[in-house]
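Chemist: Starting off with a structure, shown below.
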Amino acid sequence: MHHRHTLKTHLTGYLFISPWLIGFILFSLGPMLLSLFMSFTRWSLLSPPQWVGWENYREALFHDPLVYKSLWNTAYYTVFSVPLGVLFSLLLALLLNRNLKGQKFFRTVFFLPSVTNMVAVSILWMWIFNPEFGLLNRALSLAGVAGPLWLQSETWAKPALILMSLWGIGGGMIITLAALQGIAPELYEAAELDGARAGRRFCHITLPMISPALFFNLIMNTIGSFQVFTQAFVMTASSAEGSEGGPNNATLFFVLYLYKKAFQQFKMGYASTLAWILFVIILFFTILQFRLSRRWVYYESGGNRR
Amino acid sequence: MMTNRPSLWHWFSNGVFYLAMIMLSLVFMTPVLWLLSSSLQSLSGVFSVPYQWIPQPLHWENYRSVLTGLPFVRYFGNTLLITGLVLFGTWLSSSMVAYGFSRLKFRGRQTMFSLCIATMLLPGQVTMIPLYILFARLGWVDTLLPLIVPAFFGSPFYIFLLRQFFLTIPFDYDEAARLDGAGPWRIYWHIILPQAKPALATVTVFSFIGVWNDFFNPLIYINSFEKATLTLGLNFLKTQIIGSGVTQWPVLMAAAVLVLVPNVLIFLLAQRHFIKGINVGGLRG
Numbered sequence: 001m002h003h004r005h006t007l008k009t010h011l012t013g014y015l016f017i018s019p020w021l022i023g024f025i026l027f028s029l030g031p032m033l034l035s036l037f038m039s040f041t042r043w044s045l046l047s048p049p050q051w052v053g054w055e056n057y058r059e060a061l062f063h064d065p066l067v068y069k070s071l072w073n074t075a076y077y078t079v080f081s082v083p084l085g086v087l088f089s090l091l092l093a094l095l096l097n098r099n100l101k102g103q104k105f106f107r108t109v110f111f112l113p114s115v116t117n118m119v120a121v122s123i124l125w126m127w128i129f130n131p132e133f134g135l136l137n138r139a140l141s142l143a144g145v146a147g148p149l150w151l152q153s154e155t156w157a158k159p160a161l162i163l164m165s166l167w168g169i170g171g172g173m174i175i176t177l178a179a180l181q182g183i184a185p186e187l188y189e190a191a192e193l194d195g196a197r198a199g200r201r202f203c204h205i206t207l208p209m210i211s212p213a214l215f216f217n218l219i220m221n222t223i224g225s226f227q228v229f230t231q232a233f234v235m236t237a238s239s240a241e242g243s244e245g246g247p248n249n250a251t252l253f254f255v256l257y258l259y260k261k262a263f264q265q266f267k268m269g270y271a272s273t274l275a276w277i278l279f280v281i282i283l284f285f286t287i288l289q290f291r292l293s294r295r296w297v298y299y300e301s302g303g304n305r306r
Numbered sequence: 001m002m003t004n005r006p007s008l009w010h011w012f013s014n015g016v017f018y019l020a021m022i023m024l025s026l027v028f029m030t031p032v033l034w035l036l037s038s039s040l041q042s043l044s045g046v047f048s049v050p051y052q053w054i055p056q057p058l059h060w061e062n063y064r065s066v067l068t069g070l071p072f073v074r075y076f077g078n079t080l081l082i083t084g085l086v087l088f089g090t091w092l093s094s095s096m097v098a099y100g101f102s103r104l105k106f107r108g109r110q111t112m113f114s115l116c117i118a119t120m121l122l123p124g125q126v127t128m129i130p131l132y133i134l135f136a137r138l139g140w141v142d143t144l145l146p147l148i149v150p151a152f153f154g155s156p157f158y159i160f161l162l163r164q165f166f167l168t169i170p171f172d173y174d175e176a177a178r179l180d181g182a183g184p185w186r187i188y189w190h191i192i193l194p195q196a197k198p199a200l201a202t203v204t205v206f207s208f209i210g211v212w213n214d215f216f217n218p219l220i221y222i223n224s225f226e227k228a229t230l231t232l233g234l235n236f237l238k239t240q241i242i243g244s245g246v247t248q249w250p251v252l253m254a255a256a257v258l259v260l261v262p263n264v265l266i267f268l269l270a271q272r273h274f275i276k277g278i279n280v281g282g283l284r285g
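For the record, the sequence lines run as chains P and F.
Heads up: the first sequence at position 25 corresponds to 25 in the working numbering, and the numbers run straight through without jumps.
Heads up: the second sequence at position 52 corresponds to 52 in the working numbering, and the numbers run straight through without jumps.
Here it is as structure tokens:
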């Protein structure tokens with residue numbers, strides 16, 4: 001009797017998680033394995049897949065200049081937008097943490113852009129970056145500076161997108177703010193009694209205490225930044241399909257290139273190869289950041305320092 | 001006199017903080033003001049130098065031409081339909097799975113839960129091509145189904161959020177109900193779910209914003225104009241306008257405003273839930 005009872009409880013448990021379990025097999029595990037298989041094939045959807053061995057990987061890693069171009073563009077974007085984003089979200093959080101009157105209003109203003117429709121936001125920024133009549137160059141010309149062509153310039157297209165990304169740091173700010181507000185006031189009181197100045201208090205209390213939040217932002221922003229797509233797709237295309245990627249492919253980011261291979265040229269095998277290369281890169285940097293984090297992230301329970 | 005010094009310093013530093021916040025919020029708001037202003041300009045208005053922030057007169061007809069030039073109402077309806085069904089599917093499936101992971105004991109639970117969390121880190125690009133082929137084989141391309149059906153299979157982030165919340169509900173409730181003869185289904189439906197309203201609200205806000213603003217999935221699955229979502233329709237309009245000689249920026253801005261309004265309203269109404277969700281996901285995840 002007892003045995004049957006436990007069997008039934010196990011079954012009930014699996015019944016409850018079955019939606020996820022079925023979804024996991026159908027929409028994650030299955031496609032993942034299929035995608036790995038496809039990365040070794042040539043497949044245009046019209047004819048059956050053709051096994052080509054390492055051919056796609058050889059092509060992508062050694063012969064396709066656009067792979068390196070798009071990786072370079074993505075790395076450039078990541079190297080600037082991620083650290084700047086983490087830094088500015090920390091600054092905004094520190095300002096809000098004063099709990100001044102009107103804090104809620106300011107928080108909403110800083111937070112709102114990060115949860116809005118990316119296509120609408122991209123269209124807005126296309127207009128802001130308009131070389132002749134856009135907001136940015138109008139403002140620059142008031143200061144006597146002739147602004148660049150921004151999205152139409154090979155040099156300035158990526159900085160333009162980085163600048164725009166700083167408008168959307170609200171999510172990171174909220175996480176950092178919560179971490180700041182979670183610091184026990186006694187810590188500061190004790191430090192003040194010891195005569196520690198504001199700078200020292202910041203470096204020895206604030207920063208260590210919020211380092212897990214900063215680390216979380218760093219990882220999530222890095223992953224997100226490697227996958228940047230919508231802005232580049234919407235903002236740097238002319239009307240012709242296939243023209244996405246900006247002047248001389250200056251904003252051809254890796255996922256945009258992958259999209260074009262898969263859904264404009266229907267090279268499903270090669271696109272799968274690119275997807276796996278991206279996966280390996282993201283995995284590598286995530287693991288690297290976790291390793292490096294042991295040196296600077298402080299967890300109260302000490303769980304990370306074994 | 002000595003006691004006055006800290007408060008003077010306090011006043012001064014608060015003033016500096018206020019100044020910084022006001023300047024920064026102006027920087028953050030200027031693009032929005034520019035959007036609203038441009039959406040009410042005439043075509044010559046947006047090209048005029050110097051720029052007039054308040055157009056004379058206000059050209060509301062930009063909004064009318066978006067609403068008449070595009071099947072905007074239709075896009076709105078499509079988006080609403082998708083969002084509604086996705087929310088329904090998410091509530092049902094994610095809460096069920098979260099209940100299993102938080103309140104039932106079964107062999108392999110920890111492994112399964114770790115697996116569920118791990119899939120959050122799997123980049124969508126790895127699965128999107130086989131998924132596209134799967135949905136194409138099912139004949140679902142250019143239908144709304146690929147945008148709706150997956151939501152009925154739970155989503156790891158929402159499962160995680162709900163599980164965290166369920167763990168805070170005292171287990172005594174389950175025990176009492178069990179003594180009254182209630183099985184797990186009844187406990188889930190009549191005891192846990194009614195108490196989970198705050199967590200479900202958080203899930204709803206996230207899910208709403210995510211689906212309402214999704215671009216990638218509609219982009220790859222929907223080809224017909226009349227099946228587009230608001231976001232995809234906006235991109236159609238952009239392609240059309242950018243391709244036609246002189247760019248009608250005012251009309252494009254008006255369309256962007258119309259797409260943003262429901263998004264911003266929901267955000268303002270539910271910001272509290274949103275912030276809670278971010279913090280649960282961010283700090284414990």
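Just so it is clear, CB atoms sit at the ideal spot from N, CA and C, and this is done for glycine as well.
Just so you know, these numbers come straight off a predicted model, no measurement behind them.
Check whether the Cβ of F/Q125 lies closer than 8 Å to any Cβ atom in chain P.
Modeler: It does: the Cβ of F/Q125 has a partner Cβ on chain P nearer than 8 Å.
Chemist: What residues from the stretch 109–124 of chain F come within 9 Å of chain P, judged by C-beta to C-beta, listed N to C?
Modeler: Cβ contacts with chain P: R109, M112, F113, L115, C116, T119, L121, L122, P123 and G124.
Chemist: Taking only runs of the alpha helix (DSSP H) that begin and end inside the stretch 30–57 of chain P, which ones reach a length of at least 4 residues, in chain order?
Modeler: List check, alpha helix (DSSP H) in window: 30–38.
Chemist: Hey, how far is the Cα of F/K105 from the Cα of F/A199?
Modeler: Cα-Cα distance, rounded: 22 Å.
Chemist: For chain P, is any of its Cβ atoms less than 8 Å away from the one on F/V259?
Modeler: With 8 Å as the cut-off, F/V259 counts as an interface residue toward chain P.
Chemist: Let me know if P/W156 comes out buried or exposed under the rule of 16 or more other beta-carbons within 10 Å of its beta-carbon.
Modeler: So P/W156 counts as buried.
Chemist: At a CB-CB cut-off below 8 Å, which residues of chain P make contact with F/Q56?
Modeler: In chain order: nothing, as chain P lies at least about 18 Å away.
Chemist: Suppose you measure from the CA of P/E244 to the CA of P/V52; what does that come to, to the nearest Å?
Modeler: Distance between the alpha carbons of P/E244 and P/V52 is about 29 Å.
Chemist: Please list, in chain order, all residues of the same chain as P/P148 whose beta carbon is under 6 Å from its beta carbon, the five residues on each side excluded.
Modeler: Excluding positions up to five away in sequence, the list reads W156.
Chemist: Along chain P, which residues have their Cβ under 7 Å away from the Cβ of F/R107?
Modeler: Chain P residues near F/R107: H10.
Chemist: Taking the alpha-carbon positions, what's the F/L35 to F/A256 distance?
Modeler: Near 8 Å, if we compare the C-alpha coordinates of F/A256 and F/L35.
Chemist: Report yes or no: do the stretch 122–139 of chain P and the stretch 34–49 of chain P share at least 3 C-beta pairs separated by less than 8 Å?
Modeler: The stretch 122–139 of chain P is not in contact with the stretch 34–49 of chain P.
Chemist: Who are the near neighbours of P/P49 in its chain, counting only those whose CB is closer than 6 Å to its CB and skipping five residues on each side?
Modeler: Taken in chain order, the residues that qualify are T41 and W43.
Chemist: Counting only the same chain and skipping the five closest in sequence on each side, list residues whose C-beta sits under 8 Å from that of F/N317.
Modeler: This structure cannot speak to residue 317 of chain F, because chain F is shown only from 1 to 285.
Chemist: Using a Cβ cut-off of 8 Å, pull out every chain F residue sitting near P/I22, in sequence order please.
Modeler: Simply F153.
Chemist: Cβ closer than 7 Å: which chain F residues qualify as neighbours of P/V109?
Modeler: Neighbours of P/V109 on chain F, chain order: S25, F28 and M29.
Chemist: In this structure, does DSSP put F/H273 in helix, strand or coil?
Modeler: Correct three-state label for F/H273: helix.
Chemist: Chain P beta carbons: is any one of them nearer than 8 Å to that of F/A199?
Modeler: No, F/A199 lies away from the interface with chain P (no Cβ there is under 8 Å from its Cβ).
Chemist: Taking the alpha helix (DSSP H) that F/Q110 falls in, what are its first and last residues?
Modeler: Residues R109 to A118.
Chemist: Since I believe P/F253 is in contact with P/N117 (beta carbons under 8 Å), could you give me their beta-carbon distance rounded to a whole number of angstroms?
Modeler: Rounded, the Cβ-Cβ distance is 20 Å, inconsistent with contact.
Chemist: Buried or exposed for F/N14, please, with buried defined as at least 16 other CB atoms from any protein chain shown within 10 angstroms of its CB.
Modeler: The residue is exposed, with fewer than 16 neighbouring Cβ atoms inside 10 Å.
Chemist: Taking just the CA atoms, how far does F/G100 sit from P/F16?
Modeler: Cα to Cα, P/F16 sits roughly 5 Å from F/G100.
Chemist: Please list, in chain order, the chain P residues whose beta carbon lies closer than 7 Å to that of F/V97.
Modeler: Correct list: F16, I17, P19 and W20.
Chemist: Leaving out the 5 sequence neighbours to the left and right, which residues in its chain are closer than 6 Å to F/W140 when beta-carbon positions are compared?
Modeler: P146, listed in sequence order.
Chemist: What is the residue span of the alpha helix (DSSP H) that P/R197 lies within?
Modeler: Where P/R197 is concerned, there is no enclosing alpha helix (DSSP H), given that its DSSP letter is neither H nor E.
Chemist: Give the residues of chain P in contact with F/I129, contact being defined as C-beta atoms less than 7 Å apart.
Modeler: Within chain P, the residues near F/I129 are S35, M38, A262, M268, A271, S272 and A275.
Chemist: Using the three-state DSSP reduction, which class does F/P218 fall into: helix, strand or coil?
Modeler: Three-state result, F/P218: helix.
Chemist: When the distance is taken between beta carbons, is F/F216 closer than 8 Å to P/F27?
Modeler: Not a contact, by the Cβ cut-off of 8 Å.
Chemist: Is the shortest distance between the beta-carbon of P/G171 and the beta-carbons of chain F less than 8 Å?
Modeler: Closer than 8 Å to some Cβ of chain F, the Cβ of P/G171 qualifies, so yes.
Chemist: Alpha carbon to alpha carbon, what distance is there between P/S225 and P/Q231?
Modeler: In a straight line, the C-alpha of P/Q231 is about 11 Å away from that of P/S225.
Chemist: Who are the near neighbours of P/T108 in its chain, counting only those whose CB is closer than 7 Å to its CB and skipping five residues on each side?
Modeler: Around P/T108: no qualifying Cβ.
Chemist: Hey, quick one: how far does the alpha helix (DSSP H) through F/G102 stretch, first residue to last?
Modeler: It is Ser, not Gly, that sits at residue 102 of chain F in the sequence shown. F72 to R103 is the extent of the alpha helix (DSSP H) around F/S102.
Chemist: Quick check on the DSSP output: the alpha helix (DSSP H) that includes P/L124 runs from which residue to which?
Modeler: M118 to I128 is the extent of the alpha helix (DSSP H) around P/L124.
Chemist: Please list, in chain order, all residues of the same chain as P/L161 whose beta carbon is under 6 Å from its beta carbon, the five residues on each side excluded.
Modeler: Q231, listed in sequence order.
Chemist: Quick check: is the beta carbon of F/Y158 nearer than 8 Å to any beta carbon in chain P?
Modeler: Cβ-Cβ to chain P under 8 Å: no for F/Y158.
Chemist: Along the chain, where does the alpha helix (DSSP H) containing P/I162 start, and where does it finish?
Modeler: Here the alpha helix (DSSP H) through P/I162 covers A157 to S165.
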